[in-house]
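Presented below is the structure to which this report refers.
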Amino acid sequence: MNVDSLQQYAYAAGARRDVSLQRHYLHQIAQLEALPKPWEGGARLTEEEYAAAVRVRAWVLHEQQIADDRR
Numbered sequence: 095m096n097v098d099s100l101q102q103y104a105y106a107a108g109a110r111r112d113v114s115l116q117r118h119y120l121h122q123i124a125q126l127e128a129l130p131k132p133w134e135g136g137a138r139l140t141e142e143e144y145a146a147a148v149r150v151r152a153w154v155l156h157e158q159q160i161a162d163d164r165r
């Protein structure tokens with residue numbers, strides 16, 4: 095899931111007046127936006143550091159998806 099997809103789902107849930115589901119999607123958006131983004135912060139990263147940061151971010155997103163699927 096990416097932020098754009100979740101925003102569309104949140105909008106659709108709001109249009110259906112499903113406040114609980116809309117809140118769920120908005121919470122997921124907030125979690126995704128809070129994840130560290132290796133390209134932000136102004137620090138120069140080596141290729142290895144950048145690759146490691148991308149792997150960590152992908153792993154966190156994967157774990158969140160597993161947690162969401164269990165709900």
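If you're matching positions, the sequence shown starts at 95 in the numbering used here and goes up one per residue.
Heads up, the beta-carbon is just placed ideally off N, CA and C, and yes, glycines get one too.
If I'm right that residue i touches residue j with Cβ under 8 Å, what's the distance once you round it to whole angstroms?
i	j	result
residue 232	residue 97	Outside the displayed range of the chain (95 to 165) lies residue 232, so it cannot be described from this structure.
residue 115	residue 107	4 Å
residue 129	residue 154	6 Å
Are there 16 or more other CB atoms within 10 angstroms of the CB of residue i, so buried, or fewer, so exposed?
i	result
residue 100	buried
residue 146	exposed
residue 105	exposed
residue 119	buried
residue 159	exposed
residue 102	exposed
For residue i, which residues from the same chain have a beta carbon less than 8 Å from its beta carbon, with the 5 sequence-adjacent residues on both sides left out?
i	result
residue 124	none
Taking the alpha carbon of residue i as the reference point, which residue from the options has its own alpha carbon closest?
i	options	result
residue 163	151, 122, 140	122
Apart from the five residues on each side of it in sequence, which residues of its chain come closer than 6 Å, Cβ to Cβ, to residue i?
i	result
residue 161	none
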